[in-house]
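Asker: A single structure is presented below for examination.
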Amino acid sequence: MREMRAGEVFLGEKSIGVSGAAAVGAALPGSSVTTLNLGGNKISDEGCGAIAAKLPGSSVTELYLYDNEIGNEGAKALASALEGNGVLTNLSLFGNAIGDEGAAAIGEALRDNGVLDTLNLDYNGIGDEGAAAIGEALRGNRSEEHTSELQSQPG
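In the working numbering, the protein residues as written are -10 to 144.
Here it is in structure tokens:
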């Protein structure tokens, strides 16, 4: 078992759903949470939006939202949060339902975000258009180091 440090919240695979995500999101501003893992909770676009709305002004540097049934609308909400966020360095969204539209929104947000250096979008529905949008954003981003993982699911 992994040792917990101050500022870490791990609620992965707890079935918290949309209402739990909203409650966690509401607690973020002013908290000392730096690592937030809500993976595998089926929070969907709505729960993702609740978290994203509270990211600006939070101290979260690592956000794990893998396997949560997040689609394009949730990705767009996160993209909006990324535009005004100066602390989030690691965002994991693997295993969701994000398509080209959501990837394009994230890509656009990355153009001006010089802080995020790790983005995991493995196992989503991202095709050529979405991958191209992310690639263009990484080429145009002012930040020096980025890791981006994209893997398409076989159709």
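Cβ atoms here follow ideal geometry from the backbone N, Cα and C, with glycine treated the same way. It should be emphasised that the depicted structure is a prediction, and the values quoted were computed from it without experimental measurement.
One question on the structure: do residue 93 and residue 122 come within less than 8 Å of each other, judged by their Cβ atoms?
Answerer: Their beta carbons are under 8 Å apart, which means residue 93 touches residue 122 by this criterion.
Asker: Have a look at 62, 110 and -5 and flag the residue whose alpha-carbon is nearest the alpha-carbon of residue 25.
Answerer: Closest by alpha carbon: -5.
Asker: Roughly how many angstroms separate the alpha carbons of residue 19 and residue 7, rounded to a whole number?
Answerer: Near 21 Å, if we compare the C-alpha coordinates of residue 7 and residue 19.
Asker: Can you find the residues in the same chain that come closer than 6 Å, C-beta to C-beta, to residue 118, ignoring five residues on each side of it along the sequence?
Answerer: Excluding residues within five positions, the ones whose Cβ falls inside 6 Å are 89.
Asker: For residue 71, which residues from the same chain have a beta carbon less than 6 Å from its beta carbon, with the 5 sequence-adjacent residues on both sides left out?
Answerer: Once the five neighbours on either side are set aside, the close Cβ partners of residue 71 are 98 and 102.
Asker: With distances taken Cα to Cα, identify the nearest neighbour of residue 5 among 126, 35 and 44.
Answerer: It is 35.
Asker: Look at the Cβ atom of residue 100, then the Cβ atom of residue 129, and state whether they are nearer than 8 Å.
Answerer: Contact flag set, yes.
Asker: Mind reading off the beta-carbon distance from residue 22 to residue 47? Whole number of angstroms is fine, and I expect it under 8 Å.
Answerer: About 7 Å; that satisfies the 8 Å criterion.
Asker: So, are the CB atoms of residue 57 and residue 29 less than 8 Å apart?
Answerer: Yes, Cβ-Cβ distance for residue 57 and residue 29 is below 8 Å.
Asker: Measuring only the C-alpha atoms, how far is residue 45 from residue 76?
Answerer: Their Cα atoms are separated by approximately 9 Å.
Asker: Pop quiz: residue 27 and residue 54 are said to be a contact at Cβ under 8 Å. What is the actual Cβ separation, rounded to whole angstroms?
Answerer: With a Cβ gap of about 6 Å, residue 27 and residue 54 count as contacting.
Asker: Buried or exposed: which applies to residue 104, given that a residue is buried once 16 or more other Cβ atoms fall within 10 Å of its Cβ?
Answerer: Per the 10 Å Cβ criterion, exposed.
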